[in-house]
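Chemist: For the sequence shown, the positions run 642 to 768 when my numbering is used.
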Amino acid sequence: MGEILNLPVLDGIASVIIGLILALTASLLAFECKGLLCGEAANDQIVAGIEDIIKSETDVLHINEILTMHLGPQDILLNISLDFKDALSSGNVESTISELEACIKSKFPEIKRVFIEAQSWMAQNKE
642 MGEILNLPVL
652 DGIASVIIGL
662 ILALTASLLA
672 FECKGLLCGE
682 AANDQIVAGI
692 EDIIKSETDV
702 LHINEILTMH
712 LGPQDILLNI
722 SLDFKDALSS
732 GNVESTISEL
742 EACIKSKFPE
752 IKRVFIEAQS
762 WMAQNKE
């Protein structure tokens, strides 16, 4: 273009603009990849949705802790600590955990691994 218009400065300006576009793109990619590499937590909407699913379960007394971590763009690890009703048998706790896991995975297919721990609220707070 600089040769056609007899303005060689246009080639330099175009090169600088292209360099800025490339630098901006590289910065955005690095920022996104850093979050995935460092185990970024799932967004607040996913965590709120998980809380809603758990709160709808009548056998759960308290949500002690919800921990999430991205293992990839579409792969989330979920760890949950729950306090169940004391009157529940171990079989009922197991079936409730299985139901919660299935419900969470169906609503959020990006959650691939779910670990649910049955722990009293008081024991959780002592740690």
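Glycine is no exception: its CB is placed at the ideal position from the N, C-alpha and C atoms.
With 16 as the cutoff for other CB atoms within 10 Å, does N705 come out buried or exposed?
Modeler: So N705 ends up on the buried side.
Chemist: I believe L719 touches I695 by the beta-carbon criterion, under 8 angstroms. Please report the beta-carbon distance rounded to the nearest angstrom.
Modeler: Not quite, the Cβ-Cβ distance comes to about 11 angstroms (not below 8 angstroms), so this is no contact.
Chemist: Which residue marks the beginning of the beta strand (DSSP E) containing S722, and which one marks its end?
Modeler: Start and end: D716 to F725.
Chemist: What do you get for L723, buried or exposed, if any count of 16 or more other CB atoms within 10 angstroms of its CB means buried?
Modeler: The residue in question, L723, is buried, as its Cβ has 16 or more Cβ neighbours within 10 Å.
Chemist: Mark I691 as exposed unless 16 or more other C-beta atoms lie within 10 angstroms of its C-beta, in which case mark it buried.
Modeler: Buried, since its Cβ has 16 or more Cβ neighbours within 10 Å.
Chemist: Applying the 10 Å Cβ sphere with the 16-neighbour rule, what's the burial state of I757?
Modeler: I757 should be labelled buried.
Chemist: Buried or exposed, going by whether 16 or more other CB atoms sit within 10 Å of the CB of F672?
Modeler: Result: exposed.
Chemist: Taking only the alpha-carbon atoms, compute the straight-line gap between K748 and K675 and give it to the nearest angstrom.
Modeler: Looking at the two C-alpha atoms, the distance is approximately 27 angstroms.
Chemist: To the nearest angstrom, report how far apart E644 and I658 are at their CA atoms.
Modeler: About 18 angstroms.
Chemist: Quick check on F756: does DSSP put it in helix, strand or coil?
Modeler: Here F756 sits in strand by DSSP.
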